[in-house]
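Engineer: Encoded as structure tokens, here's the structure I'll be asking about.
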Amino acid sequence: MSIGSNLERVLKSGAFAVTSECGPPRGADPEVIRKKGAYLKGHVDAVNVTDNQTSVVRMSSFSSSLILKEMGFDPVMQMVCRDRNRIAIQSDILGAAALGIKNILCLSGDHQTFGDHPTAKNVFDIDSMQLIQCVRQMTEEGKFLSGEEIEGRPDLFVGCAENPFADPFEIRAMRLAKKVKAGAQFVQTQSVFHIEKFEKWMEMVRDLGVHEKVYILAGITPMKSIGMARYMKNSVPGMDVPDELIERMKETPKEKQAEEGIKICVETIERVRKMKGVAGVHIMAIEWESKVPEIVEAAGLYPRP
Amino acid sequence: MIVANRKPFEEIIEMLKPYTRILLLGCNECVTVCATGGTKEVAVLASEIRLFRQKEGRPVEIKEFTLERNCDPEYVDALKPFINDYDVVMSMACGCGIQFVGEHYRNKIVLPAVNTTFDGVTEKHGVWTERCQGCGDCVLDKTLGVCPVTRCAKSIFNGPCGGSRDGKCEIDKETPCAWQLIVDRYKEMDMLYKYLEIQPVKDWSTSRDGGPRKRMREDLTI
Amino acid sequence: MRLSYPTNVKIMKVPCTGRVDIIHILKAFESGADGVYLAGCLEGDCHYLVGNMRAKKRVEYVKQILDECGIGGNRVAMYTMSAAEGQRFAEVAHEMTEKIREIGPNPAKLQGSRGQANITRTLEPLRCVKE
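In structure tokens, the structure reads:
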């Protein structure tokens, strides 16, 4: 057996963790992944690999994770419930564990109406909560969902996502508590733009004592331009971009907007880092992976443990 | 009730192309209530077909007929005296009725004039919405009367997902988020504690996934 | 007032335009009308509260149907006027007749054998329903 999850090691050591994300290409060229990976090298503790994000067909999360693993990364294989039933899910989990993937992130998945195949049939045999339970049952009890014994138990560090900015707000901390009860060991949140709302959510999370049972990584997304800020605000489900941020980007001259976006992003990291219960950040630089080292360094999070 | 939607006229007229004597069938049950395939809608479609074919110079003869029910043998029998006078049957009943009439008159082709869409309710006059998918294992006790299987676009049992915004679903701003409705019910009934229960993995074998379903009451089968 | 209006307009009286169903209008076309218009009360003045509003929506629906089957939705119209507006009644009759004349005869009638005189009907008699 190889060594365990690097992400788990960093989080358990008490260090402030940094993860990032790598969106697989819409084609079979592994170089795209390798190129994105090269930007991140040495600056992150683990790399999430998205699973057909926004329901657009891409190279599978599983194989892209393997490519990154070969490069020496600790991939976090994302898995959505939209495209697989419990048979395929458990099978992929066994396969991923067999090939040395150490982290899995359990998600429901965006509805297919957003993607490039809106006429597809969706699966949703189980939901993200049940997927967490499923993986934990496989790793802890060595049993399939059916209750049958697994020969050769998979070893995975199990994560989930939570959106503190979705509605109804009042149950969002409770929902994380449910996911932790289901067995989630770490959580990566939706991108934080609305810091006050995030702080309020963290307060509710702390009131439930959940922050002591799960590692919370705040989602961070740098904005390239005012156009992207507006797109995030209006078109991405579950995003909460406050008007002040839009204004700030709008007032910045076009050629300086990218720089301002990075600045906002670093400020956000500094603020969430001070919040009790936040164990790290998850930097989602969408098609802008090249900027991650700069962000990590500017936030004073380099070198990595 | 079963809610259906009339097919686009182009599709209907294309299906009817080879035929000149048409039996246009309606149903007095669900499709009447949802104003898709009752006597009135049969009359309107018949008129529309006649006008079109008249314009094309290929007039048709249409018999308009509405069965009390298309899904019970005793009512379907009512077609016997005249069904053979027509080249084809076009039905405005739901998918059940279309199939059942076909099963009873095997020498006839029964064409669908409607798309059967869902089991639902009349939310208000002229507006119908879906409520049940017949999953075969009702959970409305747990969710206080809001079905997550039907009303959540992802059928999730432990929602709401991250796409719930202002009480609406991520798929569009018109669709209510089922889990917002469920949480609202928990609050109304002062039972928010129920939200903390994790709903276990569902047994879908009672649903369509288990294959075509059948129900029998022995005492009635003689 | 002795106002004149085109003789090809045939008037069908109903208690309220709300009584006019989609099928009545379609039947008028089937029996050879080149155009059909509804003359209802002014909006907000319906004795039955919303009869004229219902008629307006039904006319919109019939337009779609007539477009679908190639007869042309522009052959139907809804007008509103008060009972005291004889002048407007005559104007509308002229306007509609002119419009239909421009569009030409009902194509279903041209092809078929059921053709009748060039008639613009305001409403179709209810007996048509029970044909």
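Protein chains in written order, with the working numbering: chain A, 7 to 311; chain B, -14 to 207; chain C, 7 to 137. In this text, a Cβ means the ideal position worked out from N, Cα and C, and glycines have one as well.
Identify the continuous beta strand (DSSP E) that holds CYS15(B) and give its terminal residues.
Structural biologist: Stepping through the second sequence from its first residue, residue 15(B) is reached at position 30. It is not in any beta strand (DSSP E) - CYS15(B) instead sits in the alpha helix (DSSP H) that spans 15 to 18.
Engineer: Kindly indicate which three-state DSSP category PRO160(A) falls into: helix, strand or coil?
Structural biologist: Counting from 1 along the first sequence, the entry for residue 160(A) is found at position 154. Of the three classes helix, strand and coil, the one that applies to PRO160(A) here is coil, per DSSP.
Engineer: Please report whether the beta-carbon of ASN100(B) lies at a distance below 7 Å from any beta-carbon of chain A.
Structural biologist: Counting from one through the second sequence, the residue named residue 100(B) turns up at place 115. Taking Cβ atoms only, chain A never reaches closer than 7 Å to ASN100(B), which makes this a no.
Engineer: Considering only residues of the same chain and omitting the five flanking positions on each side of ASP204(B), which have a CB-CB separation below 6 Å?
Structural biologist: One-based indexing of the second sequence puts residue 204(B) at position 219. Taken in chain order, the list of residues that qualify is empty.
Engineer: Roughly how many whole angstroms lie between the Cα atoms of PRO299(A) and LYS187(A)?
Structural biologist: What you label residue 299(A) is simply residue 293 of the first sequence in a count that begins at 1. What you label residue 187(A) is simply residue 181 of the first sequence in a count that begins at 1. So the alpha carbons of these two residues sit roughly 35 Å apart.
Engineer: Out of ASP57(A), ILE110(A), PRO81(A), state which residue places its alpha-carbon closest to the alpha-carbon of ASP89(A).
Structural biologist: Taking the first residue of the first sequence as 1, we reach residue 89(A) at position 83. Considering only alpha carbons, the answer is ASP57(A).
Engineer: Within a Cβ cutoff of 8 Å, which residues of the same chain sit near ILE77(C), ignoring the five residues on either side of it in sequence?
Structural biologist: Here the question's residue 77(C) lines up with position 71 in the third sequence. Once the five neighbours on either side are set aside, the close Cβ partners of ILE77(C) are PHE35, ASN112, PRO113, ALA114.
Engineer: Report yes if the CB atom of GLY267(A) is closer than 7 Å to the CB atom of MET229(A), and no otherwise.
Structural biologist: The sequence position of residue 267(A) within the first sequence is 261, counting from 1. The sequence position of residue 229(A) within the first sequence is 223, counting from 1. Cβ atoms of GLY267(A) and MET229(A): closer than 7 Å.
Engineer: Is the segment 117 to 135 of chain B touching the segment 149 to 168 of chain B in the sense that three or more CB pairs, one from each, lie closer than 8 Å?
Structural biologist: yes
Engineer: Could you tell me how far apart the beta carbons of VAL99(B) and VAL16(B) are, in whole angstroms, since I believe they sit closer than 8 Å?
Structural biologist: Indexing the second sequence from 1 puts residue 99(B) at position 114. Indexing the second sequence from 1 puts residue 16(B) at position 31. That belief holds up - the Cβ atoms of VAL99(B) and VAL16(B) are roughly 7 Å apart, short of 8 Å.
Engineer: Does DSSP put MET59(C) in a helix, in a strand, or in coil?
Structural biologist: Along the third sequence, read from residue 1 onward, the residue named residue 59(C) stands at position 53. Three-state DSSP puts MET59(C) in a helix.
Engineer: Output the boundary residues of the beta strand (DSSP E) element that contains TRP113(B).
Structural biologist: Counting from 1 along the second sequence, the entry for residue 113(B) is found at position 128. Counting along the chain, the unbroken beta strand (DSSP E) around TRP113(B) starts and ends at 112 to 117.
Engineer: Chain B beta carbons: is any one of them nearer than 7 Å to that of GLY76(C)?
Structural biologist: Here the question's residue 76(C) lines up with position 70 in the third sequence. It does: the Cβ of GLY76(C) has a partner Cβ on chain B nearer than 7 Å.
Engineer: Helix, strand or coil for MET75(B) per DSSP?
Structural biologist: Sequence index remark: in the second sequence, residue 75(B) carries index 90 (1-based). The answer is strand: DSSP assigns MET75(B) an E or B state.
Engineer: I'd like to know if the segment 94 to 110 of chain B and the segment 147 to 166 of chain A are in contact, where contact means that at least 3 CB-CB pairs between them fall below 8 Å.
Structural biologist: no
Engineer: Report all residues from its chain with a CB closer than 8 Å to the CB of GLN46(A); omit the five preceding and five following residues, and keep chain order.
Structural biologist: As a working note, residue 46(A) is residue 40 in the first sequence. Here the sequence assigns Leu to residue 46(A), which means Gln is not the residue at that position. Within the same chain, and ignoring the five residues on either side of LEU46(A) in sequence, the residues whose Cβ sits closer than 8 Å to its Cβ are SER26, CYS28, VAL53, PHE79, GLU295, VAL298, PRO299.
Engineer: Drop a sphere of 10 angstroms on the beta-carbon of PHE85(B), count the other beta-carbons inside from all chains shown, and report buried for 16 or more, exposed for fewer.
Structural biologist: Position 100 of the second sequence, counted from the start, is the residue given in the question as residue 85(B). Sixteen is the threshold: when 16 or more other Cβ atoms of the shown chains lie within 10 Å of the Cβ of PHE85(B), as they do, the residue is buried.
Engineer: Using the C-alpha atoms, what's the distance from MET201(B) back to VAL216(A)?
Structural biologist: By 1-based counting over the first sequence, the position of residue 216(A) is 210. By 1-based counting over the second sequence, the position of residue 201(B) is 216. Approximately 50 Å between the Cα atoms of the pair.
Engineer: Terminal residues of the continuous beta strand (DSSP E) containing ILE(-13)(B)?
Structural biologist: Translated into the one-based positions of the second sequence, residue -13(B) becomes position 2. -13 to -9 is the extent of the beta strand (DSSP E) around ILE(-13)(B).
Engineer: Counting only beta-carbon separations shorter than 7 Å, does PHE(-6)(B) have a partner in chain C?
Structural biologist: What you label residue -6(B) is simply residue 9 of the second sequence in a count that begins at 1. So yes, PHE(-6)(B) belongs to the interface.
Engineer: PRO58(B) to MET77(B), Cα distance in whole Å?
Structural biologist: Here residue 58(B) refers to the residue found at position 73 of the second sequence. Here residue 77(B) refers to the residue found at position 92 of the second sequence. Straight-line measurement puts the Cα of MET77(B) at about 17 Å from the Cα of PRO58(B).
Engineer: By the criterion of Cβ-Cβ separation under 8 Å, what are the contact partners of PRO243(A) in chain B?
Structural biologist: On the first sequence, residue 243(A) is found 237 positions in, with the first residue counted as 1. Close to PRO243(A), with beta-carbon spacing below 8 Å, are these residues of chain B in chain order: GLY147, GLY148, ARG150, GLU155.
Engineer: In this structure, does DSSP put ARG6(B) in helix, strand or coil?
Structural biologist: In the second sequence, residue 6(B) corresponds to position 21, counting from 1. In the structure shown, ARG6(B) sits in a strand (DSSP, three-state: E or B).
Engineer: Cβ of TYR85(C) within 7 Å of Cβ of VAL98(C)?
Structural biologist: Taking the third sequence and counting its residues from 1, the one referred to as residue 85(C) is at position 79. Taking the third sequence and counting its residues from 1, the one referred to as residue 98(C) is at position 92. Their beta carbons are under 7 Å apart, which means TYR85(C) touches VAL98(C) by this criterion.
Engineer: Check whether the Cβ of LEU138(C) lies closer than 7 Å to any Cβ atom in chain B.
Structural biologist: Outside the displayed span of chain C (7 to 137) sits residue 138(C), for which this structure offers no information.
Engineer: How about LYS219(A) and PHE163(A): are their beta carbons less than 7 Å apart?
Structural biologist: Taking the first sequence and counting its residues from 1, the one referred to as residue 219(A) is at position 213. Taking the first sequence and counting its residues from 1, the one referred to as residue 163(A) is at position 157. No.
Engineer: Do you know whose CA, among ILE29(C), LEU32(C), GLY50(C), GLY41(C), lies nearest LYS16(C)'s CA?
Structural biologist: One-based indexing of the third sequence puts residue 16(C) at position 10. It is GLY41(C) whose Cα lies nearest to the Cα of LYS16(C).
Engineer: Starting from the beta carbon of LEU48(C), find every residue of chain B whose beta carbon is closer than 7 Å, and list them in chain order.
Structural biologist: Counted from its first residue, the third sequence places residue 48(C) at position 42. Neighbours of LEU48(C) on chain B: none; closest Cβ ~24 Å, over 7 Å.
Engineer: Candidates ASN128(A), HIS49(A), GLY20(A), LYS41(A): which alpha carbon is nearest ALA304(A)'s?
Structural biologist: Here residue 304(A) refers to the residue found at position 298 when the first sequence is read from its first residue. ALA304(A) has its Cα closest to that of HIS49(A), out of ASN128(A), HIS49(A), GLY20(A), LYS41(A).
Engineer: Could one say the Cβ of PRO113(C) lies closer than 7 Å to chain B's Cβ atoms, at least one of them?
Structural biologist: Residue 113(C) sits at position 107 when you count from the first residue of the third sequence. Yes, contact with chain B.
Engineer: Determine the chain B residues that contact ILE177(A) at a beta-carbon separation under 7 Å, and present them in chain order.
Structural biologist: As a first step, residue 177(A) is located in the first sequence; it is residue number 171 there, counting from the start. Within chain B, the residues near ILE177(A) are VAL168, TYR180.
Engineer: Just grab the DSSP bridge partners of CYS112(A) for me.
Structural biologist: The count along the first sequence starts at 1 and reaches residue 112(A) at position 106. Bridge partners of CYS112(A): MET85(A), CYS166(A).
Engineer: Along chain A, which residues have their Cβ under 9 Å away from the Cβ of PHE142(B)?
Structural biologist: Against the second sequence, residue 142(B) aligns to sequence position 157. Near PHE142(B) (Cβ distances below 9 Å), the residues of chain A are ILE132, ASP133, MET135, GLN136.
Engineer: Give the single residue among GLU101(C), GLU108(C), HIS100(C), ALA96(C) whose Cα lies nearest to the Cα of ARG8(C).
Structural biologist: Position 2 of the third sequence, counted from the start, is the residue given in the question as residue 8(C). Proximity to ARG8(C) across GLU101(C), GLU108(C), HIS100(C), ALA96(C) peaks at ALA96(C), based on C-alpha coordinates.
Engineer: Counting only beta-carbon separations shorter than 7 Å, does VAL29(B) have a partner in chain C?
Structural biologist: Locating residue 29(B) in the second sequence gives position 44, counting from the first residue. With 7 Å as the cut-off, VAL29(B) counts as an interface residue toward chain C.
Engineer: Taking the Cβ atom as the reference point for each residue, do GLU167(A) and LEU223(A) lie within a distance shorter than 7 Å?
Structural biologist: Reading the first sequence from its first residue, position 161 is the one you call residue 167(A). Reading the first sequence from its first residue, position 217 is the one you call residue 223(A). Reading the sequence as shown, one finds Ala at residue 167(A) and not Glu. No; because the gap between Cβ atoms is not below 7 Å, this pair is not in contact.
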